[in-house]
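Have a look at the structure below before the remarks.
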Amino acid sequence: MKDIIKYENFYFLMAMIAMIIVAILIAGIVLVCTDSIEVRRQKSCRAAKKRVGEILSARLKECDPLYDKNLLKITHAMNYILEQFQYWKSLHPGNDRVIMFGIDFISCAIMLSRTIDMYQDGLKLTADQESQLIEWRILRKPAYECDKNIIISDIFKLVKDAIDCVECRMEDFCSYKKEDSNILYRIKAAFEIFKSGMEVIKEKNKEELEDMLIRLEPHSPPLCRV
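Under the numbering used here, think of the first position of the sequence shown as 69, with each following residue one higher.
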């Protein structure tokens, strides 16, 4: 009887050891696969960043050298993001809601940027387009009555909302086809270029405002000699 119990304990112990070894092997395989996916993901991100940078740089070279380069970075990046969303939509004819939201956000950002001539081409919104932005509460009042810095901030928020649509889909990265993931990476890369241009413009506007306030600051009258 003791021998039977002894063997049972031995087999139980061996079974436990085998289970632990299997669990360790599975964990190791999962870790290797996860690392492999992350490596491929980082490699794809770098490739997308390089490619988008080359495309937008080429477009910049074609523009009038007198134009503000940072504004060009912003507008070219917005155009490119819209192009990628539209291409993404063409791959999903069922009008995926997330893609449609992204297109709406970036389209509104482009329209809003026209109110302060970010495109530097003199083209303005039509009365109907401006009324539409007001109706959607994207433009709080007619453009000529709005503060430029507020409009710039709203443009950034709209583009960020479009990128949030991408972030939403990034969470399900593994379920995507390769071309879907490439589109996501390109949109993210273009957003980084957009963001860098916006930061420069915001800083420039801040400095201009400070200079204006200094000029408007009342000065003490000169002392009169008695």
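Ideal placement from N, C-alpha and C gives every residue a C-beta, glycine not left out.
When the distance is taken between beta carbons, is residue j closer than 8 Å to residue i?
| i | j | result |
| --- | --- | --- |
| L139 | M186 | yes |
| R208 | K192 | no |
| A116 | Y253 | yes |
| Q152 | I89 | no |
| K137 | L128 | yes |
| L201 | M168 | no |
| Y155 | V120 | no |
Would you mind working out which of the options sits nearest residue i, comparing C-alpha positions?
| i | options | result |
| --- | --- | --- |
| E261 | D196, I206, K118, S249 | Here the sequence assigns Ile to residue 261, which means Glu is not the residue at that position. For I261, the nearest C-alpha among the options comes from K118. |
| S112 | S249, N217, G190, I202 | S249 |
| I255 | A230, E198, I92, A177 | A230 |
| S264 | R114, H144, K245 | H144 |
| I142 | K245, E235, F259 | F259 |
| M146 | K270, F224, K272 | F224 |
| I269 | E130, I92, I184 | I184 |
| E271 | Q197, I220, E247 | I220 |
| K228 | A257, I85, Q110 | A257 |
| G190 | Y135, I218, E122 | Y135 |
Specify the secondary structure class of residue i as computed by DSSP and reduced to three states.
| i | result |
| --- | --- |
| D248 | helix |
| P289 | Confidence at P289 is low in this model, with a pLDDT of 46, below 50, so the placement of that residue should be treated as unreliable; the coordinate-derived value is given next. Coil, per DSSP. |
| E275 | helix |
| Y135 | coil |
| Y187 | coil |
| D229 | helix |
| M82 | helix |
| R205 | coil |
| K143 | A small fix is needed here, since residue 143 is Thr in this sequence, not Lys. Here T143 sits in helix by DSSP. |
| D215 | coil |
| E260 | helix |
| E122 | helix |
| K129 | helix |
| D222 | helix |
| G162 | coil |
| L193 | coil |
To the nearest angstrom, report how far apart residue i and residue j are at their CA atoms.
| i | j | result |
| --- | --- | --- |
| K274 | K216 | 11 Å |
| R165 | E235 | 14 Å |
| S158 | S199 | 29 Å |
| G162 | S175 | 20 Å |
| R114 | I206 | 34 Å |
| L226 | K245 | 27 Å |
| E213 | M266 | 22 Å |
| Q188 | I94 | 58 Å |
| G170 | A177 | 11 Å |
| A195 | P210 | 10 Å |
| D103 | A126 | With a pLDDT of only 49 at D103, under 50, the local geometry of the prediction cannot be trusted, and the value read off the model is given with reservation. Near 35 Å, if we compare the C-alpha coordinates of A126 and D103. |
| V107 | D222 | 36 Å |
| D172 | C233 | 11 Å |
| D132 | R237 | 37 Å |
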